[in-house]
Amino acid sequence: MAEYTTLRAGGKAEALIDVRTIAELSTLVKWLTAQGIVSRVLGQGSNILVPEQGYPGVLIRLRGEIQSLSCRPTKDDGTVVVRAGAGCAMSSVVSWCTRNGLSGLEFLVGIPGSVGGAVWMNAGAWGHETGERLEQIVMVDRGGSLVHVPAKRLLFSYRQLAWQDGDLDGMTIVSADFVVCPGGEQSIRERCRGYLERRKAKQPKGVASAGSFFKNPPGDSAGRLIDAAGLKGFTIGGAMVSPVHANFIVNTGGATAVEIIGLMEVVQEKVYQRFGVRLEPEVQILQG
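Just so we're aligned, residue 161 is where the sequence shown starts under our numbering, counting upward by one.
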């Protein structure tokens, strides 16, 4: 799966299947469930690592209508609801909103990944999170049925999503409705540009990575702890703790999943020994 993930490393999956409609996705999920085959959505491949031994199941890519974008005005307060397919890149949503003079999602500019991934992980930056802007999500359950869930029935926390009325395990997000506000295109572009400049100044360039590798522990930052443990620039094979930002593990060329996972474990152990804090990966390692 190296060619399908932003870390450019990893083993194989049993199958990679593209679906272009919600009906196709529903049929596929229902069949996989009946066959007892594990599966998950690949998204943009920006937060995923498949171990060298591979993923013993099916990875699904959302294409076609599940990448669509549309909007509708709300009734009373002048806001606008943007419906984004879960397979759409978050960067495309921000660009589309900018061109259409719709403000509210600028903080997500430059964050890699799909809409589904951003919702699932409650992605955020600059003091804002995805959940703040959600009105509703639509999901497909294990049986292939559509489930509409209003945001008020969802529980958002740091890099985590939960559902008050059930278990999200086995659910697949197909779309998300975001509440945004009309605004001037130029001012929206300027905010996006400012966020991007700040992001680029702090992050490694020209190397493969998965973005932030670890979740920030309460009251601290993973990058600060890793840096303070003296691990910037530490390498195992082709995997390196970025000298630019310590919470990035980068592939300097030819890194294997074994090397990346090994480096992750060294970082966790060194930080725990020094500070008593066990860092939790933000990158999802697919074990099946």
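Beta carbons are placed, not taken as given, at the ideal position from N, Cα and C, and that holds for glycine. Because the structure is a prediction, the values reported are computed rather than measured.
- In terms of CA proximity to Arg384, Val427 leads the group Val427, Cys352, Gln346.
- Annotated three-state conformation of Met281 is coil, per DSSP.
- In this structure Cys248 touches Ser274 by the C-beta definition: roughly 6 Å separates them, less than 8 Å.
- Only residues of its own chain outside the window of five on either side were considered, and among them Gly171 have a CB closer than 7 Å to the CB of Gln213, listed in chain order.
- The DSSP-derived three-state label of Leu439 is coil.
- Within the same chain, Cβ atoms closer than 6 Å to the Cβ of Phe267 are found at Ala285, Trp286, His288, the five residues on either side in sequence being excluded.
- Listed in chain order, the alpha helix (DSSP H) elements of length 4 or more contained wholly in the stretch 312 to 346 amount to none.
- Close CB contacts of Arg438 within its chain, under the 6 Å cut and outside five residues either way in sequence, are with Tyr432 (chain order).
- Segment contact: the stretch 355 to 371 against the stretch 404 to 411, three or more CB-CB distances shorter than 8 Å; contact assigned.
- Distance from the CA of Gly203 to the CA of Lys360, rounded to the nearest whole angstrom, comes to 23 Å.
- Three or more Cβ pairs drawn from the stretch 184 to 199 and the stretch 298 to 310 lie within less than 8 Å of each other, which places the two stretches in contact.
- If only complete runs of 3 or more residues are kept, the stretch 367 to 404 shows the beta strand (DSSP E) at 399 to 401, in order along the chain.
- Note on the stretch 168 to 233: whole beta strand (DSSP E) runs with a minimum of 3 residues are 173 to 179, 199 to 201, 215 to 222, 229 to 233, in chain order.
- If you draw a 10 Å sphere on the C-beta of Asp329, you find fewer than 16 other C-beta atoms in it, and that means exposed.
- Ile445 and Glu345 have their C-alpha atoms roughly 39 Å apart.
- Val189 and Leu314 have their alpha carbons spaced roughly 23 Å apart.
- Pairing Thr234 with Ala368 gives a Cβ-Cβ distance that is not under 8 Å.
- Judged by DSSP in its simplified three-state form, Gly245 adopts strand.
- Contact check for Val254 against Cys341 fails: the beta carbons are separated by 8 Å or more.
- Per DSSP, the unbroken beta strand (DSSP E) holding Met299 starts and ends at 294 to 300.
- Counting only the Cα atoms, Ile409 lies some 22 Å from Tyr355.
- For Thr290, the closest of Ile177, Tyr215, Gly277, Val300 by C-alpha to C-alpha distance is Gly277.
- The three-state reading of DSSP puts Leu356 in helix, counting H, G and I together.
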